[in-house]
Amino acid sequence: MRKVFASGNIAVAEAAMTAGLKFYAGYPITPSSDLMEYLAEELPRRGGVVIQMEDEIASINAIIGASNAGVKSMTATSGPGLSLMAEGIGLAVITETPIVIAHVMRAGPSTGVPTKTTQSDIFMVRWLTHGDYIIPSFAPWSVQEAFDLTIKAFNTSEKLRTPVFILSDAILAHVWEPLVVKEPGEVEIIERKTPRSKEGYMPYLPDEDLVPPMAPFGKGYKVLVESLVHDEKGYYAPNNEKYKQLVTRLNAKITRNIDWLFEYEGFFLDDADIVLVAYGSVARTVFALAKQLRSSGLRAGLFRPKTLWPLHEKVIRERIKGRKIIVVENNIGKLALDVERILCDREVYKAPVLNLESPTLKEVKEAVTQWL
Amino acid sequence: MALTIKTHPLDRHLRTDRIPTLYCPGCGLGIGLGAMLRGLQKRIDEGSISPDSVVWVGGIGCSARLSFYVNYDSAHVLHGRAIPFAVGVKLANPELTVIVVGGDGDIAGIGGNHLLHAARRNIDIITVMFTNFVYAMTGGQVAPTTPLGVRTTTTPHGNPEPPLDVVKVVSSLNANYVARASITTPHYIEQYFYKALGMRGFRFIEVVSTCPEVYGRHIGLRDPVEMYNELKKRVTYKPRPTLEEAAINWEKGIVIGEYIVRDNPGFIDFLRGGNK
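Chains as they are written, first to last, in this note's numbering: chain S, 1 to 372; chain Z, 1001 to 1276.
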């Protein structure tokens, strides 16, 4: 364990190395680039490889290849870069390849404002690519949490053989805070299951937990990585039965673990009359507002999901109790749609801030007080 | 009566439970794969390559599907993205022998940018590109190699685009090996593939192939044998052809041979800090 002073991007990079990262492929894009630059310096010293590919499409496909060759791999990108990676992330879903993608949100659509923040992409990481799937996504609010949730992201990807998102933003990427870097051995690191025997090995035959053991290339398992809808052997299976079975399992292996996946933090929720819901960097200002409202006599609370997808609907229903729910986010009101759906019997209000900077307390207060 | 077991000497290289393949009668891919497997067999027999270390990667298309008929570690990935996937595999485990197979659409069309950069980096993988002048699996649309003027399903008034000379393009970069063979000369496919397996850096083999169904039939060659014979007539072997001879010209002929042979340090050599 060592105490350092670091940015959110550095925290993600350090956590990735603690989790056992051995391969990083990426393409520079603001505000994610210095994450790659940090790894380019550090990872080779710890026995890994960093390569700047020709584009984001190559980067995502390269990390999928590397993961299938048996090493933990990741990439990081922002807005337009993630748009380019969409198809590749779908490949990781259907081939059940563990990878981690740090998506550092900037303003959009399109090229947007490269150096400025928003929280516009939370649905992008949810519904990025074609087909039916759930990709676990974690949204830290501090440098320390960026570290901790990156460890969790790697653990999730390895445990469930799935791509996982770290959803950061330009604010968190570049804010510097004290960070406790945990070394391997000081924190639980999960490794992917490998098959017990070569005899009868099928790359997509799941165990009880719905996750198939994963053999790396080069060990004689005759693995078949297949992007088409496939059976347990990896053979193309364009029939209703196998399609339904595969897609159901790909989703169920995630939802079945929701108690483990879903993390949140609650402040002053027990007697809250008004619950503010916020996540990521914006939640820092909303937390200050919740405290201010409380000191002015309003019973305000804050519910802060650290896991954005999948949402734990039962937990949200149990923990968010209050007359009014106000969802504060730096976009046109996206998570609010789900909160409204889940808490359909309560008053849910959208308080979008739409700000290229970290919103001030005054701005957040204005957005919220219209509903008080 | 004695039981006759029908096996083929190359069966050990194939996922035989997937046979028959989906390839059309008269398709050149079987000849190409057979020749490649014989080259690989020689390397395995002489002990220079372990079958467990071989990984086949294909993108999308008829040719790319060769990757899932072989009884090796293999991956059938996205259209155009076999090369970056293979780059990741090789960098994660440099001990592996990584082979990319695909058609000209997959490798030089949608995947063209990756081809350039793999050659520029001299990355230590082998790419075998089957050129059949058309997008075959999707039904006969224009490809980057379709000759000028040819009618395809998306150029019904004749192809207005001059074709890409892939051998010349790859040769202009840092690839250590660039060769061209044809399915009418399977012994050269075998020889070049065998040779490439023993080299480092980026190795590129173009195999001129036949698609009797959606190319031959559409240009008036009414059966596979006719198409094969027409191609055979046009193929000329030269031991060290010049790059000026690399253009594929149906009228003047198609020159096969080894265009580039060199032994520059591969990408992995640079990564390891060596420059031998």
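Using N, Cα and C, we set each Cβ at its ideal position, and we do this for glycine too.
| Using 7 Å as the limit for Cβ to Cβ distance, is Asn1093(Z) near chain S? | Walking along the second sequence from the start, residue 1093(Z) turns up at place 93. Contacts with chain S at 7 Å (Cβ-Cβ) include Asn1093(Z).
| request: Could you tell me the boundaries of the alpha helix (DSSP H) in which Gly1032(Z) lies? | output: In the second sequence, the residue the question calls residue 1032(Z) occupies position 32. Under the DSSP assignment, Gly1032(Z) falls in the alpha helix (DSSP H) whose first and last residues are Leu1029 to Asp1045.
| query | CB-CB under 7 Å to Lys1276(Z), same chain, minus the five flanking residues each way: which ones, in chain order? | reply | One-based indexing of the second sequence puts residue 1276(Z) at position 276. Confidence at Lys1276(Z) is low in this model, with a pLDDT of 46, below 50, so the placement of that residue should be treated as unreliable; the coordinate-derived value is given next. Counting only Cβ-Cβ distances below 7 Å, and skipping sequence neighbours, we find Pro1265 and Asp1269.
| message | Can you tell me whether Phe154(S) is buried or exposed? The criterion is at least 16 other CB atoms within 10 Å of its CB, across all chains shown. | response | On the first sequence, position 154 is the one that residue 154(S) refers to. Burial state of Phe154(S) is buried, judged by a 10 Å Cβ sphere holding 16 or more other Cβ atoms.
| request: Return no unless some Cβ of chain S is closer than 7 Å to the Cβ of Phe1085(Z). | output: Taking the second sequence and counting its residues from 1, the one referred to as residue 1085(Z) is at position 85. Output row for Phe1085(Z): interface = yes.
| query | Going by C-alpha distance, which of Glu363(S), Leu246(S), Pro310(S) and Arg346(S) is nearest Thr95(S)? | reply | Within the first sequence, numbered from 1, the residue matching residue 95(S) stands at position 95. Nearest in C-alpha terms to Thr95(S), of all of Glu363(S), Leu246(S), Pro310(S) and Arg346(S), is Leu246(S).
| When the Cα atoms are used, what is the spatial distance from Phe1202(Z) to Val1101(Z)? | Against the second sequence, residue 1202(Z) aligns to sequence position 202. Against the second sequence, residue 1101(Z) aligns to sequence position 101. If you take the alpha carbons of Phe1202(Z) and Val1101(Z), they lie about 14 Å apart.
| query | Any chance the CB of Leu39(S) is under 6 Å from a heavy atom of the ligand FMN? | reply | Among the components of this structure there are no ligands whatsoever, and the ligand FMN is therefore not found.
| Interfacial residues, the segment 218-231 of chain S to chain Z, with Cβ spacing under 8 Å | Answer set for the segment 218-231 of chain S: Gly218, Lys219, Gly220, Tyr221, Lys222, Val223, Leu224, Val225, Glu226, Ser227 and Leu228.
| query | Given that Ile332(S) touches chain Z, what residues does it touch there, using C-beta distances under 9 Å? | reply | In the first sequence, counting from the first residue as 1, residue 332(S) sits at position 332. Result: empty, since nearest Cβ-Cβ is about 32 Å, beyond 9 Å.
| task | Could you tell me the distance, in whole angstroms, from the CA atom of Leu335(S) to the CA atom of Phe1133(Z)? | result | Indexing the first sequence from 1 puts residue 335(S) at position 335. Indexing the second sequence from 1 puts residue 1133(Z) at position 133. Pairing Leu335(S) with Phe1133(Z), the inter-Cα distance amounts to about 49 Å.
| Should Gly65(S) and Thr129(S) be called a contact, given that it needs their Cβ atoms to be closer than 7 Å? | Counting from one through the first sequence, the residue named residue 65(S) turns up at place 65. Counting from one through the first sequence, the residue named residue 129(S) turns up at place 129. Result no, Cβ atoms of Gly65(S) and Thr129(S) do not sit closer than 7 Å.
| field | Exposed unless 16 or more other CB atoms sit within 10 angstroms - verdict on Cys1027(Z) | value | As a first step, residue 1027(Z) is located in the second sequence; it is residue number 27 there, counting from the start. Answer is buried; the Cβ neighbour count reaches 16.
| said: So Val164(S) contacts chain Z; which residues on that side make the cut at Cβ distance below 9 Å? | reply: Translated into positions along the first sequence, residue 164(S) becomes position 164. Within 9 Å Cβ-Cβ: nothing; Val164(S) doesn't reach chain Z, min ~17 Å.
| Opening and closing residue of the beta strand (DSSP E) in which Met74(S) lies | Residue mapping note: residue 74(S) aligns to position 74 of the first sequence, counting from 1. For Met74(S), the enclosing beta strand (DSSP E) starts and ends at Lys72 to Thr77.
| message | Does the segment 295-312 of chain S come into contact with the segment 101-109 of chain S, if we say contact requires no fewer than three beta-carbon pairs (one atom in each stretch) closer than 8 Å? | response | Touching, no, given that fewer than three Cβ pairs across the two stretches are closer than 8 Å.
| task | Just mark Thr1131(Z) as buried or exposed, buried being the case when its beta carbon has 16 or more other beta carbons within 10 Å. | result | In the second sequence, the residue the question calls residue 1131(Z) occupies position 131. It is buried - the Cβ of Thr1131(Z) has at least 16 other Cβ atoms within 10 Å.
| Can you tell me whether DSSP reads Tyr1177(Z) as helix, strand or coil? | Reading the second sequence from its first residue, position 177 is the one you call residue 1177(Z). DSSP places Tyr1177(Z) within a strand segment (E or B) once states are collapsed to three.
| request: Answer with yes or no whether the minimum CB distance from Ala170(S) to chain Z is below 7 Å. | output: Within the first sequence, residue 170(S) is the residue found at index 170, counting from 1. No, because no Cβ of chain Z sits closer than 7 Å to the Cβ of Ala170(S).
| query | Does the beta carbon of Gly1088(Z) sit closer than 7 Å to a beta carbon anywhere in chain S? | reply | Locating residue 1088(Z) in the second sequence gives position 88, where the first residue counts as 1. Closer than 7 Å to some Cβ of chain S, the Cβ of Gly1088(Z) qualifies, so yes.
| query | Going along chain Z, which residues have a C-beta under 8 Å from Met53(S)? | reply | Here residue 53(S) refers to the residue found at position 53 when the first sequence is read from its first residue. Those are Pro1084, Val1087 and His1117, listed as they occur along chain Z.
| query | Mind pulling the chain S residues with CB within less than 7 Å of Ala1075(Z)? | reply | By 1-based counting over the second sequence, the position of residue 1075(Z) is 75. Among the residues of chain S, those whose CB is under 7 Å from the CB of Ala1075(Z) are Asn68 and Val225, following chain order.
| query | What are the residues of the segment 31-60 of chain S that lie near chain Z, defined by any Cβ-Cβ distance shorter than 9 Å? | reply | Within the segment 31-60 of chain S, the qualifying residues are Pro44, Val49, Ile51, Met53, Glu54, Asp55, Ile57, Ala58, Ser59 and Ile60.
| message | For Lys244(S), count the other beta carbons within 10 Å of its own beta carbon; 16 or more makes it buried, fewer makes it exposed. Which is it? | response | Here residue 244(S) corresponds to residue number 244 of the first sequence, with the count starting at 1. Burial call: exposed.
| message | Check this for me: beta carbons of Phe1085(Z) and Asn61(S), under 7 Å apart or not? | response | As a position in the second sequence, residue 1085(Z) is number 85, starting the count at 1. As a position in the first sequence, residue 61(S) is number 61, starting the count at 1. Yes, these two residues count as a Cβ contact at 7 Å.
| Every unbroken alpha helix (DSSP H) within the segment 289-330 of chain S, with a cutoff of 4 residues, ordered by chain | The qualifying runs are 313-319.
| request: Verify the CB distance criterion: does Asp1052(Z) have a CB-CB separation below 7 Å to chain S? | output: Counting from 1 along the second sequence, the entry for residue 1052(Z) is found at position 52. Against chain S, the CB of Asp1052(Z) has a partner CB under 7 Å away; the residue lies at that interface.
| task | Check the C-beta distance from Glu347(S) over to Lys306(S) and give it rounded, since I have them as a contact under 8 Å. | result | Translated into positions along the first sequence, residue 347(S) becomes position 347. Translated into positions along the first sequence, residue 306(S) becomes position 306. By a beta-carbon distance limit of 8 Å, Glu347(S) does not contact Lys306(S). Their separation comes to about 25 Å.
| request: Spatial neighbours of Gly1149(Z) within its chain, please: CB distance less than 7 Å, with the 5 preceding and 5 following residues excluded, ordered by chain position. | output: Your numbering for residue 1149(Z) matches position 149 in the second sequence. Excluding the 5 residues flanking it on each side, Gly1149(Z) has same chain C-beta neighbours closer than 7 Å at Gly1158 and Asn1159, in chain order.
| query | Straight-line CA distance for Val143(S) to Val50(S)? | reply | Here residue 143(S) refers to the residue found at position 143 of the first sequence. Here residue 50(S) refers to the residue found at position 50 of the first sequence. Within the model, the alpha-carbon separation for Val143(S) versus Val50(S) is close to 23 Å.
| task | Would you decide whether Ile59(S) is buried or exposed? Buried here means 16 or more other CB atoms lie within 10 Å of its CB. | result | The residue given as residue 59(S) occupies position 59 in the first sequence. For the record, residue 59(S) in the displayed sequence is Ser; it is not Ile. Buried, because 16 or more other Cβ atoms sit within 10 Å of the Cβ of Ser59(S).
| Cβ of Pro1160(Z) within 7 Å of any chain S Cβ | Here residue 1160(Z) refers to the residue found at position 160 when the second sequence is read from its first residue. It does not; no Cβ of chain S falls within 7 Å.
| request: Could you pull the start and end residues of the beta strand (DSSP E) that Glu177(S) belongs to? | output: Translated into positions along the first sequence, residue 177(S) becomes position 177. Taken as a continuous stretch (DSSP letters only), the beta strand (DSSP E) holding Glu177(S) covers Trp176 to Val181.
| query | If we call anything under 7 Å between Cβ atoms a contact, is Asp169(S) one with Met105(S)? | reply | One-based indexing of the first sequence puts residue 169(S) at position 169. One-based indexing of the first sequence puts residue 105(S) at position 105. Contact flag set, yes.
| field | CA nearest to the CA of Gln52(S), picked from Thr77(S), Ser67(S) and Ala69(S) | value | Position 52 of the first sequence, counted from the start, is the residue given in the question as residue 52(S). When only C-alpha atoms are compared, the closest one is Thr77(S).
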